[in-house]
Amino acid sequence: MTTTATAPTRGVPVGPGLSMFDPIFIGIDEFGQPVYITLAYRNLLAGGEPGGGKSGLLNCIAAHAALSVDSRLVLLDGKLVELGQWEDCADAFIGPDITEALAVLRRLQMVMNNRYAWLRAHGRRKLTAADGLTVITVLVDEIAFYSATVGSKQEQEEFVALLRDLVARGRAAGIPVVAATQRPSFDIIPTSLRDLFGYRAAFRCTTPNSSNIVLGHGWAEQGYSATDIAPTNQGAAYLIAEGGVPRRIKVAYLTDAQISGIADYAAWIRRPTPTGTPDEWEAVA
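The opening residue of the sequence shown carries number 1 in full-length UniProt numbering; numbering runs sequentially from there.
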């Protein structure tokens, strides 16, 4: 992992000591009240048209994870620039290379299996903050790039299979997945994958069917349709989280300068120390 050598000079408006088991601030609701999600035991799917605000949501989560003392970041970004500023904070940053993406997903699968073996040996069902193991937060910007654009059909199918396994089994092992797509369609997000995401955020969609693909069948017919979001209202979305019913939210926005400052500080506090000990992520490297 590449880290900065000296302390950053710019101020950071949040302090160290956060945890991935803490609620993550992602924005406000339609009444102006803050919206938090607890991601350690959940997965989150964000979908909607380009420019709707999905990257803003991913950056809010990446900022919290980067500043958390018990978190490690794994980033997959086909465009390189949406999550690129967090590269120095990440254990793995994958660009438009499906071979590398498959390698890191296989590696995560091995870590997950090792953690479940450890839990079984201790008569447990899930990790807790007291276990001292890191939460490996996986962020994927644009599922469709890896599942339908680059690579051979066999590689694309393997990517979807590995991602589905990670989403299905990873959360109890401390490996939550946050994934986004500009193409909310059944060929990109099949129901069998969509339903594994406990949290879902639908940004502006062009059709009620696209909104339903993200939130779940029937929500648009009940009045929760992301087609109602104005094209100029970037960052607005319908979120299904703890309550189980969509709520209208406005995602917090971090400017490039703010992201740069937070990422610089996070990379500095994550620098290797002489007393640092490797965990199982290095053990399977």
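Each residue gets a CB set at the ideal place from its N, CA and C atoms; glycine is no exception.
How should residue i be labelled, buried or exposed, when 16 other C-beta atoms within 10 angstroms of its C-beta is the threshold for buried?
i, result
"residue 130", "exposed"
"residue 192", "exposed"
"residue 72", "buried"
"residue 80", "exposed"
"residue 152", "exposed"
"residue 221", "exposed"
"residue 62", "buried"
"residue 230", "exposed"
"residue 82", "buried"
"residue 14", "At residue 14, the pLDDT of 46 sits below 50, so the modelled position is not reliable; the number obtained from the coordinates is stated separately. It is exposed - the Cβ of residue 14 has fewer than 16 other Cβ atoms within 10 Å."
"residue 125", "exposed"
"residue 256", "exposed"
"residue 141", "buried"
"residue 135", "buried"
"residue 161", "exposed"
"residue 122", "exposed"
"residue 117", "exposed"
What residue range does the alpha helix (DSSP H) around residue i cover?
i, result
"residue 309", "No statement about residue 309 is possible, as the shown extent of the chain runs from 1 to 285 and does not include it."
"residue 71", "Per DSSP, residue 71 belongs to no alpha helix (DSSP H); it is in the beta strand (DSSP E), 71–77."
"residue 194", "191–194"
"residue 56", "54–67"
"residue 213", "208–215"
In terms of residue numbering, what span does the beta strand (DSSP E) encompassing residue i cover?
i, result
"residue 98", "Per DSSP, residue 98 belongs to no beta strand (DSSP E); it is in the alpha helix (DSSP H), 98–121."
"residue 45", "44–47"
"residue 286", "The structure shown does not extend to residue 286, since the chain is modelled only from 1 through 285, so no value can be given for it."
"residue 17", "From DSSP, residue 17 is part of no beta strand (DSSP E); its letter is neither H nor E."
"residue 139", "135–141"
"residue 29", "24–29"
"residue 188", "Looking at the DSSP string, residue 188 is not in any beta strand (DSSP E), and its letter there is neither H nor E."
"residue 128", "It is not in any beta strand (DSSP E) - residue 128 carries neither H nor E in the DSSP assignment."
Below 7 Å CB to CB, which residues in the same chain sit around residue i once its five sequence neighbours on both sides are set aside?
i, result
"residue 93", "75 and 87"
"residue 19", "68, 69, 70 and 129"
"residue 17", "69"
"residue 198", "42 and 43"
"residue 188", "143, 144, 147, 148 and 181"
"residue 260", "85"
"residue 21", "40 and 129"
Using 8 Å for Cβ pairs, my map puts residue i next to residue j. What's the rounded Cβ distance?
i, j, result
"residue 184", "residue 39", "21 Å between Cβ atoms; not a contact."
"residue 226", "residue 202", "4 Å"
"residue 36", "residue 28", "Going by Cβ atoms, the distance from residue 36 to residue 28 rounds to 11 Å, so no, they are not a contact pair."
"residue 234", "residue 50", "Actually they are not in contact, since the Cβ atoms of residue 234 and residue 50 sit about 11 Å apart, beyond 8 Å."
"residue 251", "residue 57", "5 Å"
"residue 150", "residue 96", "6 Å"
"residue 159", "residue 249", "Rounded, the Cβ-Cβ distance is 30 Å, inconsistent with contact."
"residue 84", "residue 133", "With 8 Å as the limit, residue 84 and residue 133 do not qualify as a contact, their Cβ atoms being about 27 Å apart."
"residue 163", "residue 127", "Actually they are not in contact, since the Cβ atoms of residue 163 and residue 127 sit about 20 Å apart, beyond 8 Å."
"residue 263", "residue 66", "6 Å"
"residue 169", "residue 112", "6 Å"
Which same chain residues end up closer than 6 Å to residue i when comparing Cβ atoms and leaving out the 5 residues on each side of it in sequence?
i, result
"residue 41", "171"
"residue 167", "43, 177 and 196"
"residue 145", "78"
"residue 60", "26 and 252"
Less than 8 Å between C-beta atoms, sequence neighbours within five positions excluded: which residues of the same chain meet that for residue i?
i, result
"residue 154", "none"
"residue 211", "184, 202, 205, 219, 220, 224, 225, 226, 227 and 238"
"residue 194", "45, 200, 213, 214 and 216"
"residue 100", "94"
Using a Cβ-Cβ distance under 8 Å, would residue i count as near chain B?
i, result
"residue 204", "Note that chain B does not occur in the displayed structure, where there is just one protein chain."
- Item | Complete alpha helix (DSSP H) runs within the region 218–282 (minimum length 4 residues, chain order) | Within the region 218–282, the complete alpha helix (DSSP H) runs of at least 4 residues are 256–269.
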